[in-house]
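Structure representation (structure tokens):
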């Protein structure tokens with residue numbers, strides 16, 4: 013993969029968000045913004061689901077797991 017891309021160039025990349033993000037694969041497009049300025053746009057080709065092992069589980073989430 014290239015280290016630097018010029019304006020209007022395209023390159024495949026792997027994006028890993030720092031915070032949890034809800035992504036629908038049907039939407040298929042995303043935008044990255046920094047200080048309210050769009051710095052990147054792209055197309056979602058695939059989503060890797062990751063099971064969260066840290067964090068607090070709410071009471072409603074515990075009820076939903078029991079009902080399954």
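In the numbering used here, the protein residues as written are 13 to 80.
Idealized CB from N, CA, C, for every residue including glycine.
Separation of residue 26 and residue 79 (C-alpha to C-alpha, rounded to the nearest whole angstrom) is 36 Å. Secondary structure note for residue 78: its alpha helix (DSSP H) is the uninterrupted segment 71 to 79. In this structure, DSSP gives residue 46 an extended state, which the three-state scheme calls strand.
By DSSP's assignment, residue 59 forms no beta bridge with any residue.
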